[in-house]
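Participant: Remember, the numbering used here sits 2 above the position in the sequence shown when you count from 1. Quick one: the structure is below, questions incoming.
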Amino acid sequence: MIEQKLADSLNWTLLHVLIVIYEEGSVSAAANRLNITQSAVSQSLKKLEEKIESQLVIRNTKPLKLTPIGHYCLQVAQTIFTEITSIEAMKGCNSHLLEGEIKLLVASRIHNPKYNDFLVYFKKKYPNITLDLIVKSSRDILNDIKQKNPAIGICLGRHTPEILNQKLLFEQRFYLYCGYHHPLFSASNLSLNDLLQEDFIALVSEEIGDVLSPITLFKEANGLTGRVSAYTNNLDEAVRLIYTGYGIGALPDQFIAATYLESKLRRLPPKEGVADIPVHIFWHKHRMLSLIEAKFIEEIVEFDIAVNDPSKNE
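In structure tokens:
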């Protein structure tokens with residue numbers, strides 16, 4: 003009966019205030035976000051603690067920290083929030099009614115059939131959802147998401163911060179290539195041994211510990227000891243340098259297939275490629291997702307090209 007009494011008397015607004023305090027890290031920041039006074043936030047927190055009969059927040063810490071029961075109340079509040087926001091999805095139970103904007107931070111030059119076909123599928127199913135898509139480096143995307151930027155990230159990530167959630171979307175396979183102006187372009191019967199002393203074009207993120215470091219590990223393991231003749235942080239520039247004969251380099255195969263230089267680049271041994279680089283979707287663990295953000299993540303993670311072939315709906 004005690005539990006029933008609490009359920010009957012507890013105000014959802016108080017739980018919402020707890021969520022915002024936790025996400026913003028301070029009473030003042032929570033007040034700014036809720037557009038109310040600091041005193042009102044403090045009073046709401048005090049009322050919630052009186053209802054629970056326990057201290058929920060450890061004061062005088064930056065950011066504010068929750069007590070064990072405070073963390074438990076936060077989890078309950080977040081569950082309730084998810085259920086409340088799901089009510090919107092039940093208005094008519096039709097996906098075309100969902101509307102709003104999703105901010106996506108996407109690494110450049112991601113090419114994959116699943117990703118492309120998913121965008122076709124998602125647009126058809128949710129025509130009123132707008133995508134605000136910004137292209138950044140994987141490192142910048144992860145930094146933005148870590149700061150609780152209201153966005154979802156799609157990028158490479160080798161060492162994911164603990165405060166981020168991630169789900170694997172697909173892998174991009176990297177192969178070695180040479181360009182039209184390189185001596186190997188017209189050579190016959192090439193093997194890996196023919197590449198041992200060749201100069202390389204390297205992407206900056208191939209450094210050990212970075213997202214493309216498996217490429218460097220492959221080169222070291224197979225004795226590819228040629229000097230690096232050029233570094234770049236841009237995939238298009240890497241293609242240009244490889245095409246003009248500055249050296250050979252690793253590139254994602256599906257990206258090459260989408261470029262006008264495909265016929266001017268030659269894939270080199272080994273035929274199985276040098277590395278599979280995973281692409282993940284990222285979001286902050288302590289930022290509440292909007293309903294359409296949660297739907298986007300759920301749909302893209304579960305998307306199956308064979309089941310959702312867009313051509314079947316033409």
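Every residue, glycine too, gets a C-beta built ideally from N, C-alpha and C.
1) Could you tell me if residue 171 is buried or exposed, where buried requires 16 or more neighbouring beta carbons within 10 angstroms of its beta carbon?
2) Nearest to residue 285 by alpha carbon, out of 199, 149 and 131?
3) Would you list, in sequence order, the uninterrupted alpha helix (DSSP H) runs of no fewer than 4 residues that lie entirely inside the segment 92-167?
4) Could you please give the first and the last residue of the uninterrupted alpha helix (DSSP H) stretch that includes residue 215?
5) Over the uninterrupted alpha helix (DSSP H) stretch that includes residue 298, give me the two end residues.
6) Could you check whether the Cβ of residue 73 sits closer than 9 angstroms to any Cβ belonging to chain C?
7) Which residue's Cα is closest to the Cα of residue 175: 275, 117 and 131?
8) Please report how far the alpha carbon of residue 73 lies from the alpha carbon of residue 50, in whole angstroms.
9) Output the distance between the C-alpha atoms of residue 221 and residue 252, rounded to the nearest integer angstrom.
10) Less than 9 angstroms between the beta carbons of residue 106 and residue 146, yes or no?
11) Once you ignore the five residues that flank residue 71 on each side, which residues in its own chain have a CB closer than 6 angstroms to its CB?
12) Do three or more CB pairs link the segment 263-270 to the segment 238-255 at distances below 8 angstroms?
13) Starting from residue 255, follow the alpha helix (DSSP H) in both directions and report where the run begins and ends.
14) Closest by CA to residue 185, which one among 228, 247 and 67?
15) What does a CB cutoff of less than 7 angstroms around residue 131 pick up in its chain, not counting 5 residues either side in sequence?
16) May I ask you to report which of helix, strand or coil DSSP gives residue 228?
17) On the DSSP bridge list, what partners appear for residue 238?
18) Would DSSP call residue 174 helix, strand or coil?
19) Give the straight-line distance between the Cα atoms of residue 22 and residue 303, rounded to the nearest whole angstrom.
20) So does the segment 127-144 actually touch the segment 183-200, counting three or more Cβ pairs closer than 8 angstroms?
21) Less than 9 angstroms between the beta carbons of residue 212 and residue 231, yes or no?
22) Based on Cα-Cα distance, which residue from 157, 112 and 218 lies nearest to residue 169?
23) Over what stretch of residues does the beta strand (DSSP E) that includes residue 279 continue unbroken?
Facilitator: On the basis of the data shown:
1) Against the sequence shown, residue 171 aligns to sequence position 169. Counting Cβ neighbours within 10 Å, residue 171 comes out buried, since at least 16 surround it.
2) As a working note, residue 285 is residue 283 in the sequence shown. Of 199, 149 and 131, the residue nearest in Cα terms is 149.
3) Whole alpha helix (DSSP H) segments, 4+ residues: 115-127 and 140-148.
4) Against the sequence shown, residue 215 aligns to sequence position 213. Residue 215: member of the alpha helix (DSSP H) spanning 215-223, first to last residue.
5) To locate residue 298, count along the sequence shown from 1; it is residue 296. Its alpha helix (DSSP H) spans residues 293-304.
6) Here there is only one protein chain, and chain C is not present.
7) Working through the sequence shown from its first residue, we reach residue 175 at position 173. Here the closest residue by C-alpha is 275.
8) Locating residue 73 in the sequence shown gives position 71, where the first residue counts as 1. Locating residue 50 in the sequence shown gives position 48, where the first residue counts as 1. Using only the alpha carbons, I get a separation of about 13 angstroms.
9) Counted from its first residue, the sequence shown places residue 221 at position 219. Counted from its first residue, the sequence shown places residue 252 at position 250. Distance between the alpha carbons of residue 221 and residue 252 is about 10 angstroms.
10) In the sequence shown, counting from the first residue as 1, residue 106 sits at position 104. In the sequence shown, counting from the first residue as 1, residue 146 sits at position 144. It is not a contact, given that the beta carbons lie outside the stated cut-off.
11) What you label residue 71 is simply residue 69 of the sequence shown in a count that begins at 1. Closer than 6 angstroms at Cβ, skipping near neighbours: 56.
12) Contact annotation: the segment 263-270 touches the segment 238-255, with at least three C-beta pairs closer than 8 angstroms.
13) Locating residue 255 in the sequence shown gives position 253, counting from the first residue. Residue range 255-258 is occupied by the alpha helix (DSSP H) that includes residue 255.
14) Residue 185 sits at position 183 when you count from the first residue of the sequence shown. The option with the nearest alpha carbon to residue 185 is 247.
15) Reading the sequence shown from its first residue, position 129 is the one you call residue 131. Beyond the five residues adjoining it in sequence on each side, residue 131 comes within less than 7 angstroms, by CB distance, of 100, 101, 102, 104 and 294 in the same chain, given in chain order.
16) Position 226 of the sequence shown, counting from 1, holds the residue named residue 228. DSSP places residue 228 outside both helix and strand once states are collapsed to three, so it counts as coil.
17) Here residue 238 is taken as the residue at index 236 of the sequence shown, counted from 1. Beta-bridge pairing links residue 238 to no other residue.
18) Along the sequence shown, one-based indexing puts residue 174 at 172. Here residue 174 sits in strand by DSSP.
19) Here the question's residue 22 lines up with position 20 in the sequence shown. Here the question's residue 303 lines up with position 301 in the sequence shown. Computed Cα separation, rounded: 28 angstroms.
20) These segments do not touch.
21) Residue 212 sits at position 210 when you count from the first residue of the sequence shown. Residue 231 sits at position 229 when you count from the first residue of the sequence shown. No, they are not a contact pair.
22) To locate residue 169, count along the sequence shown from 1; it is residue 167. Measuring C-alpha to C-alpha distances from residue 169 to each of 157, 112 and 218 identifies 157 as the nearest.
23) Residue numbering aside, residue 279 sits at position 277 when the sequence shown is read from its first letter. Segment 277-286, the beta strand (DSSP E) holding residue 279.
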